[in-house]
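Letter by letter, the sequence shown follows residues 17 to 369 in our numbering.
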Amino acid sequence: MNIDNRVIDNSKISDHHAIIPTNIIGRLNETKLDEGESKVIRLVINRFLCALDKPYTYTDTKYEFLVEGEVFKLTVKTPVEWGWKQYKVSEPTDLDDETSNGVAVQYSKTETFTAENVTAKQGETKPPKCFTESSLLAVMENIDRLIEDKELKGYVKERGLGTPATRAAIIEELISAGYIERRKKQLVSTEFGRAFVVSLPDNVKSAELTAHWEQVLSDIENGKGSADELLAEIQKNVAEIVAFEKGRENRQEVKKKCEIGKCPRCGNAVIENTKGFSCSAGRDKCGFFIFKANKSIGRNCTAAEISELLANGRVTLKNCVSSKGNKYSAVFSLEDTGTYVNLKFEKFADKLK
């Protein structure tokens with residue numbers, strides 16, 4: 017039975033919640049359960065056994081094949097002890113050797129053979145999925161996974177970036193500043209955000225810098241360092257960054273998206289995006305959005321026009337195009353249905369031409 021600190025760790029004083037089988041599990045067959053209830057209880061039993069059984073162990077055999085000057089590699093995993101993994105078996109063939117197609121293979125050094133029925137499959141790699149708020153919070157919480165230095169890992173493990181109370185606020189600040197934006201459930205970097213990241217020195221962007229400062233703070237806490245040393249290092253770091261920026265040639269200018277007005281729904285800043293003008297609070301929390309392209313007026317709206325509309329509740333739009341191709345000017349007001357935001361026609365500013 018496996019009772020290591022991944023399952024039970026008395027050194028960590030914290031609350032813990034789990035669903036585990038009770039001692040009446042032996043009377044399961046006597047209990048009248050419907051199909052759904054039976055599946056749930058067997059799933060609980062299965063996961064409980066997975067946590068407590070022996071580790072899954074296997075041996076790795078690595079092969080290299082020389083084919084007309086090109087080297088092809090194959091790794092074969094041969095189970096030694098199935099341990100907890102036996103409870104995850106869905107088909108009997110899952111217990112076979114873990115090679116592709118479930119076929120056990122074995123080759124000898126210098127062996128020569130002819131490969132039969134070999135086909136080439138063309139494919140394309142897929143880029144990593146964009147972060148959602150929950151996946152980004154998980155990365156912030158487990159930032160130690162992005163650090164290679166084993167010693168530094170320990171200073172941010174179980175701490176992460178920020179605290180549970182501030183991580184969500186950090187994301188909102190990044191959105192408000194225009195570095196990232198929400199697209200449905202995804203968080204996507206903006207052009208301004210990408211340009212800003214490129215403009216920064218590598219050490220500022222490294223999670224290892226945060227881990228190093230956590231190490232220094234730990235030393236101070238344990239009497240091995242002083243706050244003055246930490247402040248001196250931070251000042252030195254900032255001075256080096258400033259000197260780097262001043263001496264850099266062909267520096268890319270980073271232009272931040274400016275606030276064009278206040279959101280009439282929640283009072284946060286409205287900023288310009290690729291497709292329109294949105295509330296910086298995001299779609300989930302507010303959802304205010306005006307499209308640039310507007311078929312009803314036959315042209316795109318500008319940031320200056322939407323700014324006036326937000327400030328005064330009305331705006332005069334010139335060079336509008338009717339469905340018949342005629343140009344006109346008209347006064348529009350802001351119509352917010354709670355779901356959609358539209359431009360509402362009020363009156364013509366001049367006659368149709």
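Glycine residues also receive a C-beta, built at the ideal position from the N, C-alpha and C atoms.
Rounded straight-line distance, which links the Cα of residue j to that of residue i
i	j	result
alanine 309	leucine 350	16 Å
glutamate 207	glutamate 188	17 Å
valine 258	glycine 178	25 Å
isoleucine 322	serine 294	11 Å
glycine 239	valine 232	10 Å
serine 106	leucine 49	Caution is warranted here: a pLDDT of 46 is assigned to serine 106, below 50, making its placement in the model unreliable, and the coordinate value is therefore given only provisionally. When rounded, the distance between both Cα atoms is 22 Å.
isoleucine 61	glutamate 53	12 Å
phenylalanine 364	alanine 193	38 Å
isoleucine 186	glycine 303	20 Å
isoleucine 191	isoleucine 287	10 Å
valine 134	lysine 55	42 Å
leucine 59	isoleucine 41	13 Å
arginine 210	glutamate 224	21 Å
threonine 130	glutamine 122	15 Å
tyrosine 195	serine 205	6 Å
isoleucine 250	alanine 319	40 Å
leucine 111	alanine 243	Its pLDDT being 44, under 50, leucine 111 is placed unreliably in this model, and the value from its coordinates should be taken loosely. Answer to the nearest angstrom: the Cα atoms are 57 Å apart.
Proximity of residue i and residue j at Cβ, strictly below 8 Å
i	j	result
leucine 247	isoleucine 236	no
leucine 333	serine 345	yes
lysine 93	aspartate 69	no
glutamate 197	asparagine 289	yes
glutamate 230	valine 172	yes
glutamine 202	cysteine 146	yes
arginine 330	valine 357	no
glycine 314	serine 296	no
tryptophan 100	cysteine 66	yes
Reference residue i, options the options, closest by Cα
i	options	result
phenylalanine 305	Gly314, Cys146, Arg315, Asn284	Asn284
proline 217	Asn253, Ile24, Ala243	Asn253
threonine 353	Cys336, Leu326, Arg281	Arg281
serine 222	Val204, Cys66, Asp160	Asp160
lysine 278	Glu324, Phe212, Glu249, Gly263	Glu324
lysine 125	Leu153, Phe81, Glu140, Ala136	Phe81
Anticipated Cβ contact below 8 Å, residue i with residue j, distance rounded
i	j	result
threonine 128	valine 96	Not a contact, Cβ separation roughly 30 Å.
isoleucine 163	alanine 227	6 Å
glutamate 157	glycine 176	4 Å
heavy atom of the ligand COA below 7 Å from residue i C-beta
i	result
tyrosine 79	Of ligands this structure carries none, so the ligand COA is not represented either.
Length at least 3, wholly inside the segment 188-259: the beta strand (DSSP E) runs in chain order: Listed in chain order, they are 196-199, 202-205.
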